[in-house]
Structure formats: C-alpha cells, structure tokens
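Numbering (the UniProt record's numbering), first residue to last: 1 to 210.
All residues carry an ideal CB built from backbone N, CA and C; glycine is no exception.
This report concerns only the one structure given below.
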Amino acid sequence: MEGEEFAVGCFLSIKTTLGDEFEGQIISFDRLSNILVLQEGLESGPRRNIRLLKANYIKEFSLLRQDEDPLDVKKCFLDLTSLQAREDSAIRQAEADSERFGVGVTSEAQTLFDALSKTGAICFLTAFLPHQKVEAFLRFILDLWLCLLTEFWRLPVRWDKTVIVVMNEVRVSSPYLPESVSGGTPAANERVRKVLEFERKRMQTRGTSQ
C-alpha cells in the first residue's frame with residue numbers, strides 16, 4: 001500500500017488481518033513507523049474512539065470520501081476556563097492525597113494512619129456526649145459498630161513529618177502505640193487509643209493467620 005493513499009482527512013472502510021472491520025477518518029499517518037491514527041466512525045460527536053493501527057495489518061480498505069483535516073486548528077475550540085478549573089481541581093486533589101502518605105515511615109505506620117482516616121467521625125463525637133451507665137464492654141462494641149456504619153465520614157487526618165495528626169489536635173508519635181497519643185482532649189485521645197488498639201489487634205490477627 002502506498003503512503004499517499006493514507007491522506008489526512010480520508011474516510012476509510014477497513015478490514016484488518018485479524019478480522020476486525022470498522023470505518024474511520026485518518027487523523028495522522030506516520031511513514032517511519034507505518035502507523036495510522038484513525039478516528040472511528042463517520043459522524044462527528046463530542047466523544048470519539050481513537051485507534052492506532054499498523055498499516056501492514058490492513059487486509060483491505062476502500063476510500064469512502066475525502067474530507068478536511070479533523071485537527072484543523074482554525075476550527076478547534078478550547079474552553080480554557082473549564083480546563084483551568086479541571087487543572088486546579090486536580091492540583092487540590094493531588095495536594096490532599098500527598099498529605100495521606102507519610103514520608104520515611106513504616107508500612108505499619110501507614111496502615112495505622114489509614115485506619116484512623118477511615119474511622120467514622122461519629123465515633124469521635126460520642127466522646128463528647130454525657131457518659132451513660134453502660135457496661136464498658138458494650139460501649140466499646142457500640143463505638144466500633146458506629147465506626148463501621150460511618151466509615152465514609154472521613155476524619156481530618158494528616159501527616160506532620162512522621163507524626164499522625166487527627167482533627168488538628170490529637171497527635172500520635174512513633175512507635176504509634178496507644179501511649180503515644182497526646183495533644184487532644186482526654187475524651188478525643190481515648191477514642192484515638194481505642195482505634196489504635198483495635199487496628200493493632202487486627203494486624204496481629206492477620207499476621208498469625210498467614
């Protein structure tokens with residue numbers, strides 16, 4: 001097949017050596033690699049499939065019609081405001097995600113961080129409710145149950161170097177044991193200790209079962 005037959009803008013009906021059949025418009029043809037870049041379909045639309053096809057995998061093709069260059073910059077429109085908004089959103093998300101990964105910490109520390117960040121906020125709000133005459137064991141089970149029900153209510157948890165900071169007040173320092181908790185109110189500190197104890201038990205259980 002001659003390269004000049006693959007002119008940009010041409011609409012082709014193609015059958016490949018693998019048995020695929022499709023129609024599309026040529027966006028570009030790279031002679032060096034012998035690769036065609038095609039926009040599938042015959043009608044324009046907001047969303048199109050782009051296919052890269054090695055020309056020597058074309059079993060047969062027919063020219064449907066010749067059209068203008070689909071990438072004519074004079075006819076292209078870019079919504080710069082929308083693109084800027086998407087970029088800003090991506091940057092904010094990347095910055096938020098970066099705060100969720102500790103630098104120079106162990107995998108165990110990261111696991112404990114993730115457990116705290118997934119803990120429901122209600123679990124910590126109950127720390128500020130009046131104490132009721134409930135058995136300590138039942139209250140602990142209730143707290144864990146609320147945590148599971150509200151896992152999607154993320155707590156504000158971040159890294160301050162190697163220190164885990166919960167709700168901007170409770171600090172958990174290495175080695176991230178219950179006694180490593182400080183900085184918050186007694187009730188909030190106790191809730192963080194409970195989560196650490198629970199997660200460490202889970203980690204031990206997983207370790208012994210492997």
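A check of alpha carbon separations from G19 across K59, R31, S173 and P70 identifies K59 as the nearest. In the DSSP assignment, L80 falls within the alpha helix (DSSP H) that extends over L80 to S98. When only Cα atoms are considered, E179 and V195 end up about 12 Å apart. With respect to the 7 Å criterion, I91 and F61 are not classified as neighbours on the basis of their beta carbons. Bridge partners of K59 according to DSSP: none are assigned.
Assignment of S174 by DSSP, reduced to helix, strand and coil, places it in the coil class. Within a 10 Å sphere around the beta-carbon of V103 sit fewer than 16 other beta-carbons, which makes this residue exposed.
With distances taken between CA atoms, V163 lies nearest to Q110 out of A94, I27, N34 and Q110. With 16 or more other Cβ atoms from the protein chains shown falling within 10 Å of its own Cβ, R191 counts as buried. Straight-line spacing of the CA atoms in G41 and T81 works out to 29 Å.
Taking a contact as a CB-CB distance under 8 Å, the pair Q25 and D67 counts as one, their CB atoms being some 7 Å apart. Per the coordinates, the alpha-carbon of R65 lies some 7 Å from the alpha-carbon of L12. In this structure, the alpha-carbon of F101 lies about 7 Å from that of W159. For K54, the closest of R86, T106, I35 and D97 by C-alpha to C-alpha distance is I35.
A distance below 7 Å separates the beta carbons of Y57 and T16. Shortest Cα-Cα distance from M203 to any of V157, S173, V170 and D114 involves D114.
With distances taken between CA atoms, V181 lies nearest to R171 out of R206, R171 and V166. With respect to M167, P175 sits apart: the two C-beta atoms are not nearer than 7 Å. Taking each of A188, C10 and S33 in turn and checking the Cα distance to L71, the smallest one comes out for C10. Judged by beta-carbon spacing, E169 lies within the 7 Å limit of G184, meaning their Cβ atoms are closer than that value.
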